[in-house]
Each structure stands twice: as C-alpha cells, then as structure tokens.
Amino acid sequence: MIQILGENELRAVVVVVAVVVVLVVVVIVVIAAATLAVITVVASAITVIIAVVVHVTEVVVVVIVIVVVVIVVVVVVVVVVVVVVVIEVVVVVEVIVIIVVEKVVVVLVV
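What follows is the structure, encoded as structure tokens:
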C-alpha cells in the first residue's frame, strides 16, 4: 500500500527538518566560538612567548596578537558561513524532493 503524505504531514516534516537545521547551526556556531576562543588564547600565549624570547616591545606584541586574532576570526567565520549555507541548501533540496515525491505518488495512484 502506498502512503500519501497529506498537506499537514508534509508541513510537519518541513517543520521538523527546519528545527533540526536550526539546532545543527546553533551547535556549529557554539563549536566555532569555542574553537575561536581556544585558538585566540593559544595564539596570544605563543606571541607572548616569542616576544619574551626575542625581546620585542609591547606594541609589537599587541599588533601581532591583533593580526593573528583577526586572521583566525575571518577563517572561522568563513567556515561557519560555508557550513550554514551547505546545510540550508540541503534542507531546501530535501523539501523540494519531498514535494516532488508527493506529487509523483499522487499521480501514480490517481
């Protein structure tokens, strides 16, 4: 027996998929933020160690830390944006496939 998804069931599927996508995006953002924090601390520590060893001025240390942090932030933001866009594309494709399959099943049954 072929089960045809009704309009309400299809909406429920779309809502569930949307909720899952939002949760995945939140998890990705939290992981990215934690990673950014760890990388920033490590980069700052390495920079301070280099500064102590090389005996550079504090201004140079601050500039190096700022440059490293900016580079890390840009990389993390780009990765998060790419992942979010990929997830959104997958969700849109899933919804389109669900709608097309429903139409095909209805046509086959009728």
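The sequence shown: position 86 = 86 (the UniProt record's numbering), numbered continuously. No residue lacks a Cβ here, since even glycine has one placed at the ideal position from N, Cα and C. Every value quoted in this text rests on a predicted model; they were computed, and no experiment measured them.
Buried versus exposed, by CB contacts within 10 Å (16 or more), M1: Bear in mind that a pLDDT of 42 at M1, under 50, signals an unreliable position, so the number given afterwards is only what the model happens to contain. The residue is exposed, with fewer than 16 neighbouring Cβ atoms inside 10 Å.
Nearest residue (CA-CA) to T40, options V63, V79, V70 and V86: V70
Length of the line joining the Cα atoms of V27 and V21: 10 Å
Length of the line joining the Cα atoms of T19 and V59: The amino acid occupying residue 19 in the given sequence is Val; Thr does not appear at that position. About 47 Å.
Check whether A43 and V65 have beta carbons under 8 Å apart: yes
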